[in-house]
Amino acid sequence: MSPYLRQVKTASGATAVQVVAKGHGVRRIVEHLGSAHDEAELAALMRLGRQRLLAGQQVLDLGPALNDDADEVGGQAPGDGGAVRRPQIVSRRSGWLIEAIKTAYTRLGLGEAVGGDRAFEQMVAARLIEPTSKADTPRVLSEIGWPAPAHRNTLYASLGRCVERGYRESLSGALFEHVTNTFGLSLCLYDVTTLYFEAEKEDDLRKVGYSKERRVDPQVIVGLLVDRRGFPLRIGRWEGSKAETTTIIPIVEAFQAAHGIEELVIVADAGMLSAANLTALDEARLRFIVGARQVRAPGDLEAHFHWAGDAFTDGQLIDTITPKRGSNTERDKSLRAEPIWDPVEYPGSWRAVWAYSKKRAARDTQTLTAQENQARAVIAGEKRPKGTRFVTVHQGDQVLDEASLARARSLVGLKGYVTNIPSRLMGAGEVVSSYHELWHVEQSFRMSKHDLRARPVFHHTRDAIEAHLTVVMAALAVARYLQETTGISVKRIIRALKPLQDVTINLNGHHLTAADPLTPEAEKILTALNIPTGH
């Protein structure tokens, strides 16, 4: 007969748990597991006993012998010498979270890209789980039971290898391959941000410059090139005092050269709009869509206002042309129909699309009203002037610039887009919708600066800063993959999987394992990632 579990009352009132076997009518004690003094200890011993029985079986056929009320509960055991000690937790491991991160990291080809550098992988994982300093990374990994967390000296050595061995280029190649093999790449989004430093003095890289957060700390300019879903493709870094408009061409040219790209659409906001940039992109045979500054609207739409007035319908599009430089237009105002842009017919112009939105008009009106009230308060002496809009000086007195205010109100709701894509290749509506994909790169910046905490940066050398940004780029790619695959934010994924732990318990010299049951949300996440759960 197969071995089974037996509970026996001891002389002291404890409950002994034994593995026993019967043969030819004789009961034989195979192993005495210990004695329990309460329900928790008894449950632990019974679980250990089940593991002992399963270890010797090829077929899971436990039968009634594994019932907690097994055979001869009321019998007597020889004594209490095997009394169980208080169970002790030996280890905890957030196995499902580790598996999810490792799965994404591997599928993106990041491990192969960095030559299997496990310390780099651990820094990426820690940046996802709890962004902190490199010195604190071992603690973060130990708390979730990451296998063999590296010492901080090993992490710093990995940062050195990151620059020496060109990890960023290798990672960019892996990310490019992932994008082209999954969704294809026909359009890229580009934007810049600033990262500030906790430093008192500037150096040749960290310089005080224009800060989107109005800070006066030394900073660097960071440019991010992503696909239309916000998946990172390339990251660039420049001195903090560099003009944002001068960053787009170097990063796009480097991206082209690295991957042999000839045709691509680049989308960027109005901050990238300079005549030199657009000409350079056009000469590189790249298509572009950039935001137009609203001050261009009166000139671009002068003929439209003449023929159709300044009333618009929600969603209305005006497809016209805009001067490449200056304000001299090639538009024939004597014709009612808008010109169809062609680079040969209109060599001094780009294509311009202007769109009207009632929602934007309401938002613009609210902003203008607040600015008008601010201007009136400054004129009345109620507020100190600080470059207030719509305040002008007339005969030595501050007065409201009513002409500028009226002109601004006539343009509410309008948003312009400049492109070199002919209408035969892309309609006006698609130009607008492509530009609106820019929120993906903005979201990626928010993820890197908030969820991944790319700032403030305490690194002091150029190489350390470069390595730090490379880790952030890799972490952003993993976060984007997890979010895209599951439809759930990376923060929520971590919150759902981190508490689900595999626990190893030492009970009377025996190691038992227990696992938290999967929650419905965790099950959904793991299924989406195609990670087997055994259910």
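Numbering follows my numbering, with no gaps: position 382 of the sequence shown is 375.
Backbone N, C-alpha and C fix where the C-beta goes; we use that ideal spot for every residue, glycine too.
- When DSSP states are grouped into helix, strand and coil, Q44 belongs to the helix group.
- Contact between V483 and Q494 does not hold, since the beta-carbon distance rounds to 19 Å and is not under 8 Å.
- For the set Q364, G42 and I91, the Cα lying nearest the Cα of R488 is the one of I91.
- Beyond the five residues adjoining it in sequence on each side, L182 comes within less than 7 Å, by CB distance, of V219, R221, V260, E430, L431, H433 and V434 in the same chain, given in chain order.
- Around the beta-carbon of D31, fewer than 16 other beta-carbon atoms lie within 10 Å, marking it exposed.
- Scanning G177, G380, V411 and A273 for the CA closest to the CA of A263 turns up V411.
- For the 9 Å CB-CB criterion, L462 and I137 do not form a contact.
- The segment 403 to 422 and the segment 344 to 356 touch, with three or more beta-carbon pairs separated by less than 8 Å.
- When DSSP reads this structure, D456 sits in no beta bridge, so it has no partner.
- A contact between stretches requires three or more CB pairs, one per stretch, nearer than 8 Å, and the segment 363 to 370 meets this requirement with the segment 379 to 387.
- Restricting attention to T526, H504 and A467, the CA atom closest to the CA of A106 is found in A467.
- Pairing L164 with Y474 gives a Cβ-Cβ distance that is not under 9 Å.
- Contact between V185 and I282 does not hold, since the beta-carbon distance rounds to 17 Å and is not under 8 Å.
- A contact is defined here as three or more CB-CB pairs under 8 Å, and the segment 119 to 133 meets this definition with respect to the segment 146 to 162.
- Beta-bridge analysis with DSSP links G216 to V185 and G229.
- Listed in chain order, the non-local C-beta contacts of F305 below 7 Å within the same chain comprise Y349 and G406, local neighbours out to five positions each way being set aside.
- Restricting attention to alpha helix (DSSP H) runs no shorter than 4 residues, the segment 101 to 182 encloses them at 103 to 106, 111 to 122, 130 to 136, 145 to 157 and 160 to 175, ordered along the chain.
- Contact between L26 and L38 holds, with the beta-carbon distance rounding to 5 Å and staying under 8 Å.
- The beta carbon of R286 sits closer than 8 Å to the beta carbons of A263, L266 and G409 from its chain, once the five residues preceding and following it are set aside; these are given in chain order.
- T412 has I282 and R344 as its beta-bridge partners, per DSSP.
- Going by beta carbons, T187 and G233 fall inside the 9 Å limit.
- Of the residues E255, G284, V258 and A354, the one whose Cα lies closest to the Cα of D303 is A354.
- Here I254 carries a coil assignment [DSSP, helix/strand/coil].
- Taken through DSSP and simplified to helix, strand or coil, P316 comes out as strand.
- Nearest Cα to L121 within the set T454, K15 and A97: A97.
- Here Q44 is exposed, its C-beta having fewer than 16 other C-beta atoms within 10 Å.
- By the neighbour-count definition (other C-beta atoms within 10 Å, threshold 16), N523 is an exposed residue.
- If you ignore the 5 residues before and after V258, its C-beta comes within less than 8 Å of the C-beta of S179, L180, C181, L279, R280, F281, I282, I414 and S427, all in its own chain and listed in chain order.
- In this structure, the straight-line span from the alpha carbon of V12 to that of K2 is close to 15 Å.
- The three-state reading of DSSP puts I241 in helix, counting H, G and I together.
- In the pairwise beta carbon analysis, the segment 320 to 338 is classified as touching the segment 288 to 301: at least three pairs are separated by under 8 Å.
- CA-CA distance, T315 to E365, rounds to 30 Å.
- With fewer than 16 other Cβ atoms inside 10 Å of its own Cβ, T454 counts as exposed.
- Sequence-distant Cβ neighbours of G153 in its own chain, meaning closer than 8 Å and more than five residues away, are D456 and A460.
- Between V23 and P(-4), the alpha-carbon positions lie close to 8 Å from each other.
- Residue nearest to L274 within the set N321, T240 and G216 is T240 (criterion: CA-CA distance).
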